[in-house]
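Enquirer: With the sequence shown counted from 1, adding 10 to any position gets you this note's numbering.
Every residue gets a Cβ at the ideal spot worked out from N, C-alpha and C, and that includes glycine.
A quick note: this is a predicted structure, and the numbers were derived from the prediction, not measured.
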Amino acid sequence: MTALHLTTERLVQLRSDARLERETILEHLVRDGEDPATAYAETPEVDDFVVRALRDEMLEDRGLLAEFGLARLAARAGGTDAAVHRRNADRVEFELLREIAASAPPLTVAVWRAGQELQVHDD
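(1) Pick helix, strand or coil for residue 100, following the three-state DSSP scheme.
(2) Leaving out the 5 sequence neighbours to the left and right, which residues in its chain are closer than 6 Å to residue 92 when beta-carbon positions are compared?
(3) Among 45, 53 and 47, whose alpha-carbon lies nearest the alpha-carbon of residue 30?
(4) Quick check: what's the CA-CA separation for residue 64 versus residue 82?
(5) Drop a sphere of 10 angstroms on the beta-carbon of residue 19, count the other beta-carbons inside from all chains shown, and report buried for 16 or more, exposed for fewer.
(6) State the Cα-Cα distance for the pair residue 87 and residue 95, rounded to the nearest angstrom.
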């Protein structure tokens with residue numbers, strides 16, 4: 011398992027890419043007639059895009075991207091084992107988010123937002 015090494019320069023580049031992605035989404039929504047205030051409020055923040063990109067990159071580096079995607083798909087399908095797939099994917103994502111927060115403290119708030127819907131405990 012490789013640790014996340016995130017330099018300041020890399021974070022700046024990721025944020026630049028994420029800003030472009032966010033602006034593109036906002037433009038598309040507004041051109042399609044959505045209220046600009048609503049579109050702005052509902053579109054994830056720049057750092058949210060960065061956290062997702064880092065999560066996906068880490069999954070790919072570890073050879074888990076396809077397995078993670080299939081687990082998320084199975085969780086949404088609603089089969090008998092959907093809850094198990096969701097919990098397993100949530101646990102993997104939770105650990106990745108912890109690594110991101112530890113490696114890049116400026117992204118901690120976005121990591122919290124990304125993790126707020128995860129179910130990592132057997133309740």
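Expert: This is what the structure gives:
(1) The three-state reading of DSSP puts residue 100 in helix, counting H, G and I together.
(2) Taken in chain order, the residues that qualify are 85.
(3) Ranking the options by Cα distance to residue 30, first place goes to 53.
(4) When rounded, the distance between both Cα atoms is 17 Å.
(5) Residue 19 counts as exposed, since fewer than 16 other C-beta atoms from the protein chains shown sit within 10 angstroms of its C-beta.
(6) Using only the alpha carbons, I get a separation of about 10 Å.
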